[in-house]
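Protein chains in written order, with my numbering: chain X, 1 to 390; chain C, 1001 to 1390; chain R, 2001 to 2343; chain L, 3001 to 3343.
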Amino acid sequence: MDFAEPENWSAIRAEAEAFVAEHVTDDMIREELATGDGVSRPLLRALGQRGWIAATWPVAEGGAGLDGFEASIIAATIRLAGGPTIGQGTTMLPANAIRALASEPLKQRILPSVAAGETLICLGYTEPEGGSDVFACRTKAVADGDSWVINGQKMFTTFAHLADFCFLLTRTDPESHGPRGLTMFLVPMDTPGIERQAVRTMGYERTNIVFYKDVRVSDFYRVGDVNDGLRVMRVALEAEQNIAPASKTTQLFNTALAWAQTPDRSGRRMIDSPAVRERLARFAIDAEVAELLGHRVAFIEQIGGKPGPHAALFGPESYVAWAAAVIDMVGPAAMIAWSDDEAVSGGSFEYHFRSAVASTIYGGSSEVLRSLIAEQRLGLPRSRPRTTQA
Amino acid sequence: MDFAEPENWSAIRAEAEAFVAEHVTDDMIREELATGDGVSRPLLRALGQRGWIAATWPVAEGGAGLDGFEASIIAATIRLAGGPTIGQGTTMLPANAIRALASEPLKQRILPSVAAGETLICLGYTEPEGGSDVFACRTKAVADGDSWVINGQKMFTTFAHLADFCFLLTRTDPESHGPRGLTMFLVPMDTPGIERQAVRTMGYERTNIVFYKDVRVSDFYRVGDVNDGLRVMRVALEAEQNIAPASKTTQLFNTALAWAQTPDRSGRRMIDSPAVRERLARFAIDAEVAELLGHRVAFIEQIGGKPGPHAALFGPESYVAWAAAVIDMVGPAAMIAWSDDEAVSGGSFEYHFRSAVASTIYGGSSEVLRSLIAEQRLGLPRSRPRTTQA
Amino acid sequence: MNLDLSAEQMAVRELFADLFANESTPERIRAAEPLGYDPALWAQLIGTGALGIAVPEGLGGAGAGLLELVLLAEEAGRRLASIPIAEVLASVRLLAEFEARDLLEESMSGAKLVSLATGTASLADQILADGAVADYVIALDGERLVVLARPAVVRHLTNAGSLPMARWHDATEVTELAVGSRARQSFDVACDEVRILRSALLVGLSFEAIEIGAAYARVRRAFGLPIGGYQAVAHPLADAIVATDGAQLLTWKACWAAASRHATAPSLASMAFIFAGQTACFAAQHSLHIHGGYGFMAEYDIQLYFRRSKAWQTIFADPQLELHGLADRRFGPVLADMAGDVS
Amino acid sequence: MNLDLSAEQMAVRELFADLFANESTPERIRAAEPLGYDPALWAQLIGTGALGIAVPEGLGGAGAGLLELVLLAEEAGRRLASIPIAEVLASVRLLAEFEARDLLEESMSGAKLVSLATGTASLADQILADGAVADYVIALDGERLVVLARPAVVRHLTNAGSLPMARWHDATEVTELAVGSRARQSFDVACDEVRILRSALLVGLSFEAIEIGAAYARVRRAFGLPIGGYQAVAHPLADAIVATDGAQLLTWKACWAAASRHATAPSLASMAFIFAGQTACFAAQHSLHIHGGYGFMAEYDIQLYFRRSKAWQTIFADPQLELHGLADRRFGPVLADMAGDVS
C-alpha cells in the first residue's frame, strides 16, 4: 500500500508546467475565454511536437509512450493554466477508435497528422431527438457507387467550425432501429453540404448544430464495417468512460482555499471565519475523495483491470455542488466575470459556477452512471431506460 | 391572510392538556414505552366519555363535533405527553369507512362502541409478499351459506393482540388480480382460527403477524359490497392521507432546543456553541416549514378543498433527517434509552432515532408520495410502479 | 388562520402576473443582459403605481401593505424581471417612514431610482445590488441613516447573475433620515423587508423553474418514454415543488408577522430568506440538469433561472451567516464564548 | 502508488473475514444485546493474537502495522462484531510505545481489557466507549497520560447502538505513562488511530449494509418488479457504494500517512472519520428504508446496522466539531477572531 504520488507523475507534471509556461500565453487564455472554442492551433502543434497529443501512443506513431494517467496529467496541467484542451481531448476519442478499427489506408492518412497536432476531429453523435440516447440516430447514409450520401442533423458538435473531420454516426440500414444498422464515417468538414450553426452556452463554451445535406463522402472514410457502427461507438465511448477525470473538485478547492488564505486590504483572512473554515474543511474532504477515486481508476488501469464508472460519478457531482456552494461562501464578488478587472481569483468562481453543471451531463449523465453502478456492482436489475424500440 | 393560531386551536389544546394531566399517568407512559402496544383501555374510555375518540363525529353519534385539525391537536397533545394514540388513530380509519359504506345494522353494532372507546379495530391490509402494494392480496374469503371462510396471513397488524376487530382485506374473486375482486370484512378477533405472532420492532413498537385459518365470519360483518373492497379501501386510505400530520419535526426540535438552553452542571449552555446554534437554526426552519405545510392541509380541508400529499412528504422526511442529526449534535448521551436514569431529555432523542425511520414508510412510502406529487401537481407521466398484473 | 388572499390581493397578483408575463418575456430578459436592467419594463412598472402600493395614502401612495409587494415580487421572480425590486421597494417605505417627501415623490414617479445598501460595512466595501442603475441609495453610516447620491463614475460589475450590481466610491451624502437607535431600527426593518421580498422573488423563480423542468419532462422523450416517467427525473421535482410551497408559506407568514408586528417577525424573515434561496437554487439546478445538454445552451430559458437563483440570494447574504443571524434572533444572543469548544 | 494489499495483508484480511463471518453471526449479535459484548467472540479474537498484531516483536507482538488493524476492523465492522475494537487496539499500541510490559502482556493475552478514554474533559464527564467491559482505561489527565483501574461500581448505559458504554466515577490511577508534551503527543496519535480504526469499522459496516439492501432489492418484488429496478431504490445505493469505496480509500490513505509519518496524517485521519461516518449512516438508513416495514422489524438484520452506524461515530465525536478540528489541522490555527462576523 503506497499512496505517495508516483515519481513519474511529478516528473511529467514538472515537464508539463514548463511546457505551459512557454506555450500557454495570456493572450491564448483570454482568447479561449472569449471564444469558448476549446482549440488553439499553435498549442496543438507544440503539443504534437512533444508527442503529447496522442501521448499514450508509441513514439514511433508520433506519441510519447506515456500511460493514461501521465497523459491526463498533461491535459490537467494545461487546463489548470486556462489553456484550451477540448480539441485535443475530443479528437483522441475517435482517433483511438480509428486506430483500433479503421482500414490501414485511412489510419495512415489520419493518425500521423492527429499525433502531430495538425488534424482535429469533432464528434457527431447526438441528434435533436436523441439526448443521452445516442443510438436514436436518424442521420442517414445511403450508398451511391463508391461513396455515401449523408443527410441529417447533429447537436452539440463542439469545435465543428474548426475541425478537419467529424466522426459521424449514421444509419445505413433504413429498416433498423436503435443500436443496429449504424455505420461510422470520418467526414471531411470541408465537404459541400455541411452547414454549422453556432450555439452559445452558459459556460462560455461554444458548440454547434451541424446540418448535413446531401453530403457525399467516399467509402474510404468509413470506419469499421457497414452496419457495425455500434462496435466503433463502443470503442470510442469506452475510451471516454475510462478517462480518469482529473478532479475539478480539487482545482476549485485549491482556488477557494487560496482565496480564503489571502488577506484582504484590511489584513483580514476569511479562513479565520468559522463559517468559511467549516465549509472549506468539508470541501477538502470531497476533493480528497474525488482525487482518490480518480487515482484508483489510474491504478486499476495500470494493473490491467477495468475501473468502472465510479470516479465519473463522485467527481462531477461534488464539483457541481461545490461550484454553487462556493458562491455563497465568497459572496457576490464571486459572481463577477473574468472579463471584469474586479473579478475575484481571476473570475474562477464565476467560470466554475457557469460550467460545472455540464460535467454531470457530458459523457454519460449521472443518472445513467448510477444505474450502471447499481447493475454492475450491486447486481440490481436494470433501472436504466431501455434503448428505443420505436 | 392570517397566520395567527385560531382561537379554537388554543382552546382545544388547553382542554387537551388538562385532560392529559388528569388521565395520562406516569405509569401509563412507562407501560406504553415498555410494551409498545399503542393502546391503553382506560385512556380510551376517558377519551370516549369526552367524545374525543371519534372527535369529528356529531355529538349525537358519540363524537364532539370538532373539525379535523381540532381532533389532531388532541391526538398530538396526548402523543407529546407520551400517551398511547395508535389504537385510537388506527381504529378511526376503518370506523370512518364503516360509517360511510357499511350496512345500517353493522354501523349500529360498531360505531357507538367505537366512539365510546370500547371497541378497537386493527388493520389487516399488507401481506408478506405485498409491501407497499396492498392490492397484492392473497388472503381468500370463500362464501359458505350466510357466512365466509377466510384463509391467509397479514403482516404489520399493530395491536392485533388487543383489538376487538380486524378490518380485513380479502380476495373473494379467486380469478381476480390486483385491485379488483376484493372484499372487506370486519372480523371479530375472538373468532376461532385466528393466531397472532408478536413482532418486535426497532422503534419500541409492537406489531403482529396474524394468521387466519378457516376463520368463519358472518356476512353481517362484510363492509361494502362483495368484490367492491377497492372502494372501501379508498375511503379508508384517503382518510389516512389527509390526516394533517402534527409535525414531529417540531416536537423533536422543541426537545432539542430545550436541551441546548438548559445549563449543565457547570452552567454551560450548548446553545452558546456555534456548531449547535447553526444546526438548531436550520432545524428551526425545517420545523416551521413542516408546521406550515401541515397547517395548509388543515386550512384547505376547512374550506372544503383537497390538500394532497404535500405535508406527508416534507414532515416525515425532515423528521427522519433530524432524528439522526440530533444524535450527532447531542452526543453519545443522546443514545441512552428512556429506561436508563441517565437518559438525556427523558430518552426522547433515542426514542425518536429509533422510531422516526418508520414515518417515511408507514402510510405510503415517500417514494410513492413523490411519484403522486409529480403526477398530480406537475402533470408528469406515471413514475410509480404499476399495480401487480400477475 | 386564513391562508387565502383577499379579492383585492388576488387582483394585485393578477395585475402583476399579466404585466410580467407580457413584458418580461425571455426575449426581453436576454435583451437586458448583461446589465440586467430593462428601462422600458421599469417605466411600465412605475406606470402601474407599483412603488406607491405600500406607501400611506397621505403620502401619495395606495396604502396597501407588504403582502401586496410580496405578490408583486413573486410574479416578478416568476418572469425574472430585469428591474430592481427588493431594495427599491424597501427604500420607498423608508422614505415614507421618514416623510422624505421629495425623494419619495421622485422615487414613486420613477424620476429617480432609490435603492438600499443592505450591508453594514462602509459603503465603498459593499457591492450594491442596484448600484449600476440607482440614482440614490439609502445606507447605514455608523449611527446614521443617510441618503447618498450616485457618484460621477459607476462601473457595472459584469456578473453571472445579470445583476446591475456595482460599487460606489465617493458617494455624496444628500440627506440624513435618522440617527441613533431609530436609524438602526428602521434600517433593520428595511433589511427584513428585503429578506422577505427576495424570498418572494426566489419563490416565484422557483415555481417557474420547476414548471419549465416539468414541461420539458412531460414532452421530451428519451429511450422511448417521456423523461418525466423516470423517478430520477420526477422525484427531485416533487421535492422541489413541496419545498417551494413551503417557502411561499414561510414568506407569507414572515410578511404577516412583520405587518402585525409579531415578535417572531425577524426570525421568520431570516428563515424565509434562507429557505427560499436554498429551494430556488435546488429547483433551478435540477430543472437545468434534466434538460441534458440543452439546459446548458444559451437559448434555453432554464439557464437564465439557474444563474439568477444563486445571484438573487448571494447578493444579499451568505445563507450560512444568515443561519447564525437567525440563531441570534430565534434563540437570543450567545451568553458565553464556546467557540473554543469548536476545535 | 500501489493500492493493493500484500499477500500477507490479504491473508490477514481473510483470517478475520472468516472469523467474524463465522463467529459474529446475526444470532450472536442479538444474543450480545443490549450490552453489545460477546465474551466468547472476544476470547476468539484474543486467540488469534489480534491484539499483538501491531506490537513490536520485541514486546511479544507480530510487528505488523496499523494497516493490518484496519483490515481487522473493516471485517469486524462488516459483521458488527460485539467486542471493543478501536480504543482497545489503539491502547495496546500506547502500552507498547511506553513499554508498559505487564499491562501490555495482560492486554494481549486477554487477561485484562485495556481501553482508551478519548475525551479531554475530566474522566467523570466522559462516556467511555468500552466503559462497561474494560478493566483499565488509558486517559489524558491534564498534562499526564495515565492508566486508571475500573471502579468498583460501573453501570452500563443502555443505548440505541448496543455499545458497552459507561461512565467511570472515582477510577483509581494505576500508573503514569508519560507527562508533558510527550503525553499529549502520544495521546493525540492514539486518538488518530481511533479515528482511523473507527473509519475502518464504519467502512465495513457500510459495505455490508449496502449488500443487505442490494440483496433485498434483487429479490423483493413490488408491483410485479424487483424493487431494485426502481431508480429511487437503486440510485441511492449506487451513491452509497461509490462513497464507501471513497471512504475505504481515505481510511487506507490515512493509515499509510500515519505509518509513513506524513505531514498530512492528522488531516487524513479526521477526514476519514468524518466521511466514513456520514457514508455509513447514509448507507444504513437507505438500506433500511428500502426494506419498507420489514426494515423496522427487530428480526431483520438491517436495523442492527442502522443503529450501530450512528453509534460508532457519535461515541467518538460530533462530526461537525470534527470539521473544525480538521480545519485546524489542514489550514492551521485561527489567527484572528472573526466569530463576530458570524452574526
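In this text, a Cβ means the ideal position worked out from N, Cα and C, and glycines have one as well.
Query, Result
"Per DSSP, which residues does D1144(C) bridge with? Please list them.", "S1147(C)"
"Reducing DSSP to helix, strand and coil, say where Q3009(L) ends up.", "helix"
"As an exercise, report each continuous alpha helix (DSSP H) stretch of at least 4 residues that is fully enclosed by the segment 1308 to 1359 of chain C, in chain order.", "1310 to 1330, 1348 to 1355"
"Which of the three DSSP states, helix, strand or coil, is assigned to R1206(C)?", "strand"
"Just reading off the beta strand (DSSP E) that A2139(R) is part of, what are its end residues?", "2136 to 2141"
"Mind the definition here: the segment 204 to 221 of chain X touches the segment 146 to 164 of chain X only if three or more C-beta pairs lie below 8 Å; say whether that holds.", "yes"
"The alpha helix (DSSP H) that contains C1137(C), what's its start and end?", "Taken as a continuous stretch (DSSP letters only), C1137(C) belongs to no alpha helix (DSSP H), as it is neither H nor E."
"Given R45(X), which residues of its chain have a CB within under 6 Å of its CB, disregarding the five upstream and five downstream residues?", "G117"
"Which chain R residues sit within Cβ distance under 8 Å of A275(X)?", "D2318, Q2320, L2321, H2324"
"What's the gap between the Cα of A1141(C) and the Cα of T1172(C)?", "5 Å"
"If we require 4 or more residues per run, which alpha helix (DSSP H) segments fall completely within the segment 2033 to 2106 of chain R?", "2039 to 2047, 2066 to 2078, 2086 to 2097"
"For L3250(L) and P1332(C), I'd like the C-alpha separation in whole angstroms.", "25 Å"
"Can you grab the Cα-Cα spacing for the pair S2309(R) / E15(X), in whole Å?", "42 Å"
"Starting from R354(X), find everything on chain R with Cβ-Cβ shorter than 8 Å and list it in chain order.", "A2160, R2307"
"Just curious, the beta strand (DSSP E) that T2175(R) is in, first and last residue?", "2172 to 2179"
"Less than 8 Å between the CB atoms is what I'm expecting for V1024(C) and G1083(C), so what's the real figure, rounded?", "4 Å"
"Pull up the distance between the alpha-carbon of F1349(C) and that of R2093(R), whole angstroms please.", "46 Å"
"Tell me the rounded alpha-carbon separation between T3279(L) and M2271(R).", "29 Å"
"Ignoring anything shorter than 4 residues or poking outside the segment 2285 to 2334 of chain R, list the alpha helix (DSSP H) runs there in chain order.", "2302 to 2314, 2319 to 2331"
"Identify, in the order they occur along the chain, each residue of the same chain with its Cβ nearer than 6 Å to the Cβ of C122(X), setting aside the five sequence neighbours on each side.", "T157, F159, A160, A163, C166"
"Secondary structure at G3161(L), three-state DSSP: helix, strand or coil?", "coil"
"Round the Cβ separation of A3327(L) and R277(X) to the nearest angstrom and send it over; I've been treating them as touching at under 8 Å.", "4 Å"
"Any beta carbon of chain L sitting closer than 9 Å to that of A2232(R)?", "yes"
"For the putative contact between P2084(R) and S2115(R), defined by C-beta atoms under 8 Å, what is the C-beta separation to the nearest angstrom?", "6 Å"
"Over the uninterrupted beta strand (DSSP E) stretch that includes E291(X), give me the two end residues.", "It is not in any beta strand (DSSP E) - E291(X) instead sits in the alpha helix (DSSP H) that spans 274 to 302."
"Measuring only between beta-carbons, confirm whether A1251(C) sits less than 9 Å from chain R.", "Here residue 1251(C) is Gln; the residue named in the question, Ala, does not match the sequence. So no, Q1251(C) is outside the interface."
"Identify whether T3118(L) lies in helix, strand or coil by the three-state DSSP scheme.", "coil"
"Would E3208(L) pass as an interface residue toward chain C - the criterion being a Cβ-Cβ separation below 9 Å?", "no"
"Using only the alpha-carbon positions, how far apart do A3269(L) and W322(X) sit?", "22 Å"
"Less than 9 Å between the beta carbons of D1228(C) and T1170(C), yes or no?", "no"
"To the nearest angstrom, how far is it from the Cα of A2190(R) to the Cα of R2261(R)?", "14 Å"
"For R3221(L), return the contacting residues in chain X, with the cut-off set at a CB-CB distance below 9 Å.", "Chain X residues near R3221(L): none, gap ~10 Å exceeds 9 Å."
"Does R3198(L) come within less than 9 Å of chain C when only Cβ atoms are used?", "no"
"Just to make sure I have the definition right: I need the residues of chain R whose C-beta is within less than 9 Å of the C-beta of S1410(C). Which are they?", "Since the first and last residues shown for chain C are 1001 and 1390, residue 1410(C) lies out of range."
"Since V3147(L) and T3175(L) are thought to touch, with beta carbons under 8 Å apart, how far apart are those beta carbons, to the nearest angstrom?", "5 Å"
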